[in-house]
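K.L.:
The working numbering puts the first residue of the sequence shown at 306, with every later residue one more than the last. Backbone N, C-alpha and C fix where the C-beta goes; we use that ideal spot for every residue, glycine too.
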Amino acid sequence: MAELDSFFRAARTSAPVPSADLTARILADAAAAQPRARTQEATARRAWGKRWRGLRRLYLPALGGPGVIAGLAGAIVAGAWIGFLQPAPLASLASRVTGQTAMLEQIDLIPTLDSYLTTDTGE
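(1) Under the assumption that Ile262 contacts Leu365 (Cβ atoms under 8 angstroms), give the Cβ distance between them as a whole number of angstroms.
(2) Under 7 angstroms Cβ to Cβ from Gly369, same chain only, skipping five residues before and after it: list those, please.
(3) Under the three-state reduction of DSSP, which class applies to Arg362: helix, strand or coil?
(4) For Leu327, which residues of its own chain have a beta-carbon under 8 angstroms away from its beta-carbon, when the five flanking residues on both sides are left out?
(5) Enumerate in chain order the residues of its own chain whose CB-to-CB distance from Thr403 is below 7 angstroms, with the five nearest sequence positions on each side excluded.
(6) So, helix, strand or coil for Gly384, using DSSP?
(7) State the DSSP-derived secondary structure class of Gly354, mapped to helix, strand or coil.
(8) Taking the alpha-carbon positions, what's the Arg330 to Thr318 distance?
(9) Which residues bound the alpha helix (DSSP H) around Pro394?
Written as structure tokens, this is what we have:
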């Protein structure tokens, strides 16, 4: 053990000094590895992302979680699809259930005043 102590003592007294070229290369590598300054656009995008995450954390649990939101979105899409495209089997089923035979094109949803003004009151 005494033999090793003398070697360790000698190593502690004569520490090697790196050359100027090695130091310059190390500093150049360190400068290349440092992160670049962010642009204003990236900072604004990040701020919007933080705001969106905050809203998501606030309102998503109040509505029931992501599963409920997915179901709600699916119901909205299906309702819009059925409402706008109105498949023929669905129209015949609706006429059987409600007992109405008039098609939507035949119904006057916004009547004009002419029909009220021209009616004969019998006087």
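P.N.:
So, from the data block:
(1) Nothing about residue 262 can be read from this structure; the chain reaches only from 306 to 428.
(2) As a working mapping, residue 369 is identified with position 64 in the sequence shown. Excluding residues up to 5 positions away in sequence, nothing lies with its Cβ nearer than 7 angstroms to the Cβ of Gly369 in the same chain.
(3) If you number the sequence shown from 1, residue 362 lands on position 57. Three-state DSSP puts Arg362 in a helix.
(4) Indexing the sequence shown from 1 puts residue 327 at position 22. Excluding residues within five positions, none has a Cβ falling inside 8 angstroms.
(5) Position 98 of the sequence shown holds residue 403. Result list for Thr403: empty, nothing under 7 angstroms.
(6) Position 79 of the sequence shown holds residue 384. Looking at Gly384 - three-state DSSP - the assignment turns out to be helix.
(7) Against the sequence shown, residue 354 aligns to sequence position 49. If DSSP states are grouped into helix, strand and coil, Gly354 belongs with the helices.
(8) Numbered from its first residue, the sequence shown carries residue 330 at position 25. Numbered from its first residue, the sequence shown carries residue 318 at position 13. Computed Cα separation, rounded: 26 angstroms.
(9) If you number the sequence shown from 1, residue 394 lands on position 89. Run containing Pro394: Ala393 to Thr403, per the alpha helix (DSSP H) assignment.
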